[in-house]
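K.L.:
Per numbering that gives the first Met the number 0, the sequence shown starts with residue 0, numbered consecutively.
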Amino acid sequence: MNMGTTKTSIFSREVNEVSAFAKAISHPARVAIIQHLLNRETCVCGDLVDEIGLAQATISQHLKALKQIGILKGTVEGTSTCYCMNMERWNELRNQLESQLLGIAHCSTDCC
0 MNMGTTKTSI FSREVNEVSA FAKAISHPAR VAIIQHLLNR ETCVCGDLVD
50 EIGLAQATIS QHLKALKQIG ILKGTVEGTS TCYCMNMERW NELRNQLESQ
100 LLGIAHCSTD CC
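#1: Under the criterion of a Cβ to heavy atom distance below 8 Å, does Leu92 qualify as lining the ligand FMN?
#2: Just the Cα atoms here: how many angstroms apart are Glu97 and Glu13?
#3: Please state the DSSP three-state secondary structure of Glu76.
#4: So the candidates are His35, Ala64, Glu50 and Gly52; which of them puts its Cα closest to the Cα of Lys22?
#5: Across the stretch 39-47 and the stretch 86-100, are there enough close Cβ pairs to call them in contact, namely three or more that are closer than 8 Å?
#6: Across which residues does DSSP place Leu71 in a beta bridge pair?
#7: With a 10 Å radius around its C-beta and 16 neighbouring C-beta atoms as the bar for buried, classify Ile32 as buried or exposed.
#8: Just curious, the alpha helix (DSSP H) that His26 is in, first and last residue?
#9: Give me the Cβ distance between Leu71 and Tyr82, rounded to the nearest whole Å; I'm assuming they're in contact under 8 Å.
#10: Give me the Cα-Cα distance between Ile51 and Lys6, rounded to the nearest whole angstrom.
#11: Between Leu47 and Gly77, what straight-line distance do the alpha-carbon atoms span, to the nearest angstrom?
Structural data, given as structure tokens:
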């Protein structure tokens, strides 16, 4: 048995989804992208580079990671891809995170 192998199959689908969600939003640039898109009520086609202050290639990498977990939708318009939040998926993952981690009862005393 290889001890370095990650055994994601032993965890529930929900636990794996929350883990992927947490990993995807764990970079400050991705948090900034999410904040920017949540504050806009329209799709964003190109202002993320100016808004976030990172190179286009770097922004594209971060957008890809967020799109892979389903919280972004992208539509091609000419030579650009316009992005907006997939609010249904965003709310689903946010609720899973809350119920699995934030909803856990806290110790009433110092545990250690």
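Yeah, the Cβ is synthetic: ideal placement off N, Cα and C, and Gly gets one too.
P.N.:
For this structure:
#1: For the structure depicted, the ligand FMN is absent and the ligand set is empty, with no information on it obtainable.
#2: Position 98 of the sequence shown holds residue 97. Position 14 of the sequence shown holds residue 13. In a straight line, the C-alpha of Glu97 is about 12 Å away from that of Glu13.
#3: Numbered from 1 along the sequence shown, position 77 holds the residue referred to as residue 76. Note: Glu76 maps to strand in three-state DSSP.
#4: Along the sequence shown, read from residue 1 onward, the residue named residue 22 stands at position 23. Nearest option by C-alpha distance: Ala64.
#5: no
#6: Sequence index remark: in the sequence shown, residue 71 carries index 72 (1-based). In the DSSP output, where bridge partners are listed per residue, Leu71 has Met84.
#7: Here residue 32 is taken as the residue at index 33 of the sequence shown, counted from 1. Ile32 is buried by the Cβ-count criterion.
#8: Numbered from 1 along the sequence shown, position 27 holds the residue referred to as residue 26. Unbroken run through His26: none, as it is neither H nor E.
#9: Indexing the sequence shown from 1 puts residue 71 at position 72. Indexing the sequence shown from 1 puts residue 82 at position 83. 5 Å between Cβ atoms; contact.
#10: Sequence index remark: in the sequence shown, residue 51 carries index 52 (1-based). Sequence index remark: in the sequence shown, residue 6 carries index 7 (1-based). Roughly 35 Å between the two C-alpha positions.
#11: Your numbering for residue 47 matches position 48 in the sequence shown. Your numbering for residue 77 matches position 78 in the sequence shown. Cα to Cα, the separation comes out at about 17 Å.
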